[in-house]
Amino acid sequence: MAPSAEFSVVNSLMTSLGIRTFRATGAAVKALRGLGGARRPLDFRSGRPSNPRQDVDKADLETLLEGLESQKLTWARTSNRDKAELLERCLKRMVDSTDECARRTCEVKGSYESGLGEELAAWSSCCWIVSETLECLRHDFKPPVGATRVSEGDQGRTVVETFPRGLLMNLVFLGCKGEVWLQPGKTLRQGPQRTNQEGSVWLVLGAGNQIPAVISDIVHCLFLCNSTVILKMNPVNDFLGPLLEDCFKPLISEGFLKIVYGGAEVGKMLVNHRLTEEIHMTGSDKTFDAITWQGKKPKKGSKLRNPPFKKPVHAELGCVTPYIVLPGNWSRRTSTFRPGSASLESFTTPGTTASRRRFSLSRRTGT
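Going by full-length UniProt numbering, 196 is the number at position 196 of the sequence shown; the sequence numbering is gapless.
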């Protein structure tokens, strides 16, 4: 069977089985697709950067923002059940678009060593993000609860096991466990979700070089922050804009999400527009400073602490991910293996991924 036909069969199978099976079969599907893409020698090629899409017209931008403003209250008061129905339709379209997204991304970025496999895996993680959000909506954001226990000592606090959950996660994270320790005297209960019931218009500046960052920003601002969203694609990733428009068509057609294109000038108009109330961005610290300080960042040592820009700005500027080393009864083999593992992670992709390890923390005890 040709790889392209193999991909189509897998997509059709996932759709027919229903979205609930997506997570359970995700790992196997990604492995199968990666192997299929790797078998095609023609996929080993350099990328061809796409031309940036035309900047959105100022008049059109005004119309789009006014539309989001008029729909923000409707969206904020839409039930979680209705939101879940819209998002499920989006997810089905995302699953159907998997192959096209991978092929288009490889055309622009290039394809090295794994054919379509890496981009198929990236898009699968996008579907996982949306699937997890869908489950949260269906359960009114009440988290699934695993085993509970009362801690010994420390005022007998209630401890809730929250991770891993489900067959796939338990297999992947075998031997790992995540717990939430409630405050002393607090019992296991779920309070109401705190959301903005009056609605707001959020601007998302999506400059991530990995498409899952853009998808997670859209989903977070729409469903967790309860806001209508205007997403400005960055020229570095706007070749995927039409695909995102198709995937999120159910939300776009209802007036809850809009996607626009342009460079710094369009971004500046959106940032300073009277109708955008909050800003979430993925990009560089230079962009963040340009927004918050409006091009007038004080010099080092200045007593000026409060930026002139008053709108809330949330930013993902990369990160400093610590590799924490704790003292313990380490074997010689483990002591030899772990430094090499930590060093290897520093060179992932190669060293350009925001989540890669930046430094190590350790504590020496005794002599």
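We put the beta carbon where it would ideally sit given N, CA and C, even for glycine. Bear in mind that the values here come from a model prediction, so they are computed numbers and not experimental data.
(request) For the beta strand (DSSP E) holding Lys232, just list the boundary residues, first then last. (result) As a working mapping, residue 232 is identified with position 232 in the sequence shown. Thr228 to Met233 is the span of the beta strand (DSSP E), which, as asked, contains Lys232.
(request) Output yes or no for whether 7 angstroms exceeds the beta carbon distance between Ala102 and Glu88. (result) The residue you call residue 102 lines up with position 102 of the sequence shown. The residue you call residue 88 lines up with position 88 of the sequence shown. Cβ distance not < 7 angstroms, so Ala102 and Glu88 don't count as in contact.
(message) Measuring only the C-alpha atoms, how far is Ile291 from Glu62?
(response) Here residue 291 refers to the residue found at position 291 of the sequence shown. Here residue 62 refers to the residue found at position 62 of the sequence shown. Distance between the alpha carbons of Ile291 and Glu62: 20 angstroms.
(message) Pull the bridge partners of Glu179 from the DSSP assignment, please.
(response) One-based indexing of the sequence shown puts residue 179 at position 179. Partner(s): Glu161.
(request) Decide if Met169 is buried, meaning its Cβ has at least 16 other Cβ atoms within 10 Å, or exposed. (result) As a working mapping, residue 169 is identified with position 169 in the sequence shown. Classification for Met169: exposed.
(request) Taking the CB atoms as reference points, tell me whether Gly262 and Asp55 lie closer together than 7 angstroms. (result) Within the sequence shown, numbered from 1, the residue matching residue 262 stands at position 262. Within the sequence shown, numbered from 1, the residue matching residue 55 stands at position 55. Yes, these two residues count as a Cβ contact at 7 angstroms.
(request) Enumerate in chain order the residues of its own chain whose CB-to-CB distance from Val271 is below 7 angstroms, with the five nearest sequence positions on each side excluded. (result) As a working mapping, residue 271 is identified with position 271 in the sequence shown. Once the five neighbours on either side are set aside, the close Cβ partners of Val271 are Leu203, Ile279 and Ile291.
(message) Please report the distance separating the alpha-carbon of His139 from that of Ser79.
(response) If you number the sequence shown from 1, residue 139 lands on position 139. If you number the sequence shown from 1, residue 79 lands on position 79. Their backbone Cα atoms lie some 12 angstroms apart in a straight line.
(request) Quick one: which unbroken beta strand (DSSP E) runs of 3-plus residues sit fully inside the UniProt domain "Aldehyde dehydrogenase" (219–327)? Chain order, please. (result) Taken in chain order, the complete beta strand (DSSP E) segments of 3 or more residues contained in the UniProt domain "Aldehyde dehydrogenase" (219–327) are 228–233, 257–261, 278–282, 313–316 and 321–325.
(message) Per DSSP, what are the beta-bridge partners of Leu205 in this structure?
(response) Locating residue 205 in the sequence shown gives position 205, counting from the first residue. The partner list for Leu205 (beta bridge, DSSP) reads Lys232 and Met281.
(request) Return yes when the Cβ of Ser46 is within less than 7 angstroms of the Cβ of Val108, no when it is not. (result) Position 108 of the sequence shown holds residue 108. Position 46 of the sequence shown holds residue 46. No; because the gap between Cβ atoms is not below 7 angstroms, this pair is not in contact.
(request) Step through the CB atoms of chain C and report whether any lies within less than 7 angstroms of the CB of Asp289. (result) Of the chains in the structure shown, none is chain C; there is only one protein chain.
(message) Taking the beta strand (DSSP E) that Val150 belongs to, which residues open and close that run?
(response) Translated into positions along the sequence shown, residue 150 becomes position 150. Element bounds for Val150: Thr148 to Val150.
(message) Using only CA atoms, which one of Val214, Val219 and Ser200 lies nearest to Gly206?
(response) The sequence position of residue 206 within the sequence shown is 206, counting from 1. Comparing Cα-Cα distances from Gly206 to each of Val214, Val219 and Ser200, the minimum goes to Val214.
(message) Tell me the DSSP secondary structure of Ser46 in three-state form.
(response) For the purposes of this step, residue 46 is taken as the residue at position 46 of the sequence shown. Here Ser46 sits in strand by DSSP.
(request) Using alpha carbons as the reference points, say which of Asn237, Ala264 and Ile230 lies closest to Phe248. (result) Counted from its first residue, the sequence shown places residue 248 at position 248. Taking only the C-alpha atoms, the option nearest Phe248 is Ile230.
(request) Would you kindly report the start and end of the unbroken alpha helix (DSSP H) that includes Gly67? (result) For the purposes of this step, residue 67 is taken as residue 67 along the sequence shown, with counting starting at 1. Lys58 to Ala76 is the span of the alpha helix (DSSP H), which, as asked, contains Gly67.
(message) On the CB-based measure, 16 or more other CB atoms within 10 Å of its CB, does Ile211 come out buried or exposed?
(response) Walking along the sequence shown from the start, residue 211 turns up at place 211. The residue in question, Ile211, is buried, as its Cβ has 16 or more Cβ neighbours within 10 Å.
(request) Indicate the three-state DSSP secondary structure (helix, strand or coil) for Gly185 in the structure shown. (result) Numbered from its first residue, the sequence shown carries residue 185 at position 185. In the structure shown, Gly185 sits in coil (DSSP, three-state: anything other than H, G, I, E or B).
(request) Flag this pair as yes or no: are the beta carbons of Val201 and Lys311 separated by less than 7 angstroms? (result) Along the sequence shown, one-based indexing puts residue 201 at 201. Along the sequence shown, one-based indexing puts residue 311 at 311. Going by C-beta atoms, Val201 is not nearer than 7 angstroms to Lys311.
(request) For Ser343, count neighbouring Cβ atoms within 10 angstroms of its own Cβ and tell me buried if that reaches 16, exposed if not. (result) In the sequence shown, residue 343 corresponds to position 343, counting from 1. That one is exposed.
(message) Comparing C-alpha positions only, which one of Arg104, Ile129, Ser151 and Leu91 sits nearest to Phe239?
(response) On the sequence shown, position 239 is the one that residue 239 refers to. That would be Arg104, whose Cα lies nearest to the Cα of Phe239.
(request) Select from Pro184, Phe163, Leu182 and Gly185 the residue whose C-alpha is nearest the C-alpha of Gly175. (result) In the sequence shown, the residue the question calls residue 175 occupies position 175. The residue with the shortest Cα to Cα distance from Gly175 is Phe163.
(message) Assuming Leu86 is part of the alpha helix (DSSP H), what are its boundary residues?
(response) Within the sequence shown, residue 86 is the residue found at index 86, counting from 1. Segment Asn80 to Asp96, the alpha helix (DSSP H) holding Leu86.
(message) Leu64 and Lys258 - do their beta-carbons sit closer together than 7 angstroms?
(response) To locate residue 258, count along the sequence shown from 1; it is residue 258. To locate residue 64, count along the sequence shown from 1; it is residue 64. Yes, these two residues count as a Cβ contact at 7 angstroms.
(message) Determine whether the beta carbon atoms of Gly67 and Gly255 lie at a separation below 7 angstroms.
(response) Position 67 of the sequence shown, counting from 1, holds the residue named residue 67. Position 255 of the sequence shown, counting from 1, holds the residue named residue 255. Yes. Within cutoff.
(message) Excluding the 5 residues flanking Phe173 on each side, which residues of the same chain have their C-beta closer than 7 angstroms to its C-beta?
(response) Numbered from its first residue, the sequence shown carries residue 173 at position 173. When the five nearest sequence neighbours on each side are left out, the beta carbons in the same chain lying within less than 7 angstroms of the beta carbon of Phe173 are those of Pro164, in order along the chain.
(message) Measuring straight from C-alpha to C-alpha, what distance separates Leu188 and Cys136?
(response) Residue mapping note: residue 188 aligns to position 188 of the sequence shown, counting from 1. Residue mapping note: residue 136 aligns to position 136 of the sequence shown, counting from 1. In a straight line, the C-alpha of Leu188 is about 18 angstroms away from that of Cys136.
(message) Quick test of your reading: Lys177 and Glu161, contact by CB under 8 angstroms. State the CB separation rounded to the nearest angstrom.
(response) Against the sequence shown, residue 177 aligns to sequence position 177. Against the sequence shown, residue 161 aligns to sequence position 161. So it is a contact: roughly 6 angstroms between Cβ atoms.
(request) Would you identify the three-state DSSP class for Ser111, choosing helix, strand or coil? (result) What you label residue 111 is simply residue 111 of the sequence shown in a count that begins at 1. Here Ser111 sits in strand by DSSP.
(request) Figure out for me which residue from Thr148, Asn196, Asn237 and Pro144 has the closest Cα to the Cα of Cys225. (result) In the sequence shown, counting from the first residue as 1, residue 225 sits at position 225. Checking every option, the nearest Cα to that of Cys225 belongs to Asn196.
(request) Please go through the same chain and pick out, in chain order, the residues whose beta-carbon is closer than 7 angstroms to the beta-carbon of Glu198, but skip the five residues on each side of it. (result) Numbered from 1 along the sequence shown, position 198 holds the residue referred to as residue 198. Answer for Glu198: Leu73 and Ala76, listed in chain order.
(request) Check each candidate in Leu171, Ala121 and Val95 and name the one with the smallest Cα separation from Ser131. (result) Position 131 of the sequence shown holds residue 131. Minimum Cα distance to Ser131 is reached at Val95.
(request) Can you tell me which of the three DSSP states Asp217 falls into? (result) As a first step, residue 217 is located in the sequence shown; it is residue number 217 there, counting from the start. Helix.
(message) Check this for me: beta carbons of residue 384 and Leu134, under 7 angstroms apart or not?
(response) Absent from the structure is residue 384, since the part of the chain shown begins at 1 and ends at 367.
(request) Please name the residue, chosen from Arg274, Lys83 and Asp289, that lies closest to Leu222 on a Cα-to-Cα basis. (result) On the sequence shown, residue 222 is found 222 positions in, with the first residue counted as 1. That would be Lys83, whose Cα lies nearest to the Cα of Leu222.
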